[in-house]
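**Q** Per our numbering, the very first residue in the sequence shown carries number 190; after that it's consecutive.
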Amino acid sequence: MTTLRDRVNRAAPAGVRDQLKDVLVRYGERTSDRRPLPDFLIIGTKRGGTTSLWNYLIRHPLVPRLWPAWNTKTSHYFEENWHRGERWYRSHFPTDRRRAALRRRYGAPPRAGEAAPLYMFHPLAPRRVHDLMPDVRLIVLLRDPVERAYSHWKERRTEGTEPLGFAAALAAEPERTAGERDRLIADPSYVSNAYDWYTYRARGRYLEHLEPWLDLFDRARVHILPSESLYREPARCYAGVLEFLGLPPHNLGRYEVFNDRRSAPMDPTVRADLEAYFRPHNAALRERLGMRFDWSS
Numbered sequence: 190m191t192t193l194r195d196r197v198n199r200a201a202p203a204g205v206r207d208q209l210k211d212v213l214v215r216y217g218e219r220t221s222d223r224r225p226l227p228d229f230l231i232i233g234t235k236r237g238g239t240t241s242l243w244n245y246l247i248r249h250p251l252v253p254r255l256w257p258a259w260n261t262k263t264s265h266y267f268e269e270n271w272h273r274g275e276r277w278y279r280s281h282f283p284t285d286r287r288r289a290a291l292r293r294r295y296g297a298p299p300r301a302g303e304a305a306p307l308y309m310f311h312p313l314a315p316r317r318v319h320d321l322m323p324d325v326r327l328i329v330l331l332r333d334p335v336e337r338a339y340s341h342w343k344e345r346r347t348e349g350t351e352p353l354g355f356a357a358a359l360a361a362e363p364e365r366t367a368g369e370r371d372r373l374i375a376d377p378s379y380v381s382n383a384y385d386w387y388t389y390r391a392r393g394r395y396l397e398h399l400e401p402w403l404d405l406f407d408r409a410r411v412h413i414l415p416s417e418s419l420y421r422e423p424a425r426c427y428a429g430v431l432e433f434l435g436l437p438p439h440n441l442g443r444y445e446v447f448n449d450r451r452s453a454p455m456d457p458t459v460r461a462d463l464e465a466y467f468r469p470h471n472a473a474l475r476e477r478l479g480m481r482f483d484w485s486s
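1) Between the beta-carbon of LEU331 and the beta-carbon of ILE413, is there less than 8 Å?
2) What are the boundary residues of the beta strand (DSSP E) that includes ILE232?
3) Cβ of TYR389 within 8 Å of Cβ of LEU359?
4) Roughly how many angstroms lie between the CA atoms of ILE328 and GLU422, to the nearest whole one?
5) From GLU269 to TYR387, what distance separates their C-alpha atoms?
6) Decide yes or no for the touch test of the segment 282–297 against the segment 377–385: beta carbon pairs closer than 8 Å, at least 3 of them.
7) Over what stretch of residues does the alpha helix (DSSP H) that includes LEU396 continue unbroken?
8) Evaluate ASN448 with the Cβ neighbour count: other Cβ atoms within 10 Å of its Cβ, from every protein chain shown; 16 or more gives buried, anything less gives exposed.
9) Taking C-alpha atoms, which residue in GLU369, VAL335, ARG372 and VAL214 lies nearest to ALA356?
10) Report the rounded CA-to-CA distance for PHE482 versus PRO454, giving the unit in angstroms.
11) Hey, out of PRO312, TRP342 and PRO415, whose CA is closest to ARG370's CA?
12) Here's the rule I'm using: 16 or more other beta-carbon atoms within 10 Å means buried, otherwise exposed. How should TYR216 be labelled?
13) Suppose the cutoff is 6 Å on Cβ atoms and the five residues either side in sequence are ignored; what does the same chain contact list for PHE267 look like?
14) Taking all protein chains shown into account, do 16 or more other C-beta atoms lie within 10 angstroms of the C-beta of THR366, making it buried, or fewer, making it exposed?
15) Taking all protein chains shown into account, do 16 or more other C-beta atoms lie within 10 angstroms of the C-beta of TRP484, making it buried, or fewer, making it exposed?
Okay, here's the thing in structure tokens:
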């Protein structure tokens with residue numbers, strides 16, 4: 190499907206694209222009182238299949254894309270853009286009129302949302318989300334934390350923000366990220382690249398970051414899905430997510446994997462160390478959620 194963003198990116202130089210985006214954002218803010226807040230959030234985890242699931246969802250006729258068309262899956266509102274305010278956040282979602290048109294056309298209510306894998310990990314996001322949207326539905330993808338850490342490192346290497354090898358990056362994580370979580374809590378305007386980029390082990394301690402969400406939101410409003418299940422059985426998992434969101438079934442036919450990063454296998458010594466590190470964290474997660482995960486640790 191060719192989007193407005195695709196057409197503009199091909200036809201217009203960068204400066205023109207930026208100006209047009211500013212115009213669309215301002216229009217979205219002016220009409221924010223006619224734009225309901227989202228129905229769902231995919232809050233994590235990074236490198237856990239959030240991009241794939243998001244792309245499956247926006248192929249459903251009742252799941253509109255974010256506005257303006259440049260925002261592929263997230264506004265980053267509840268972490269990076271909190272200072273912009275609610276009007277700015279509402280500007281990303283469809284108007285009442287657009288929602289009504291979709292409902293008339295397809296015979297069911299639409300569901301708008303975003304996918305932001307940093308939300309689950311950010312210490313201020315759970316309370317911010319709950320205070321603004323106590324009834325929002327939350328989708329959580331959880332991947333084997335050993336594989337997640339390696340994939341996270343590969344992404345950082347590919348994007349040029351990680352100069353260290355995997356073992357060295359793991360060893361450097363405590364020093365690189367020291368005090369960053371406390372700074373985020375102390376200063377609501379603070380943005381930490383280190384907390385996002387270099388938290389290879391920390392982001393895999395899932396229960397630590399899920400607990401604030403589970404304390405605030407009814408469990409029935411939280412859909413937790415093992416990433417490995419999505420990879421193996423995308424059609425079944427997609428159908429389960431649609432049911433959770435109250436959307437009618439929709440067969441995509443093909444379920445492409447997005448953002449996959451091929452590489453050499455992980456060093457066995459590093460893998461063994463990570464498996465040992467995550468074993469108690471994973472056991473606590475399984476007990477808390479009453480779920481089984483097909484993970485090495």
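In this text, a Cβ means the ideal position worked out from N, Cα and C, and glycines have one as well.
This structure is a prediction, so every number in the text was calculated from the model and none was measured.
**A** Short version:
1) yes
2) 229–233
3) yes
4) 17 Å
5) 17 Å
6) no
7) 395–405
8) exposed
9) VAL335
10) 22 Å
11) PRO312
12) exposed
13) TYR308, ALA314, ARG317 and VAL318
14) buried
15) buried
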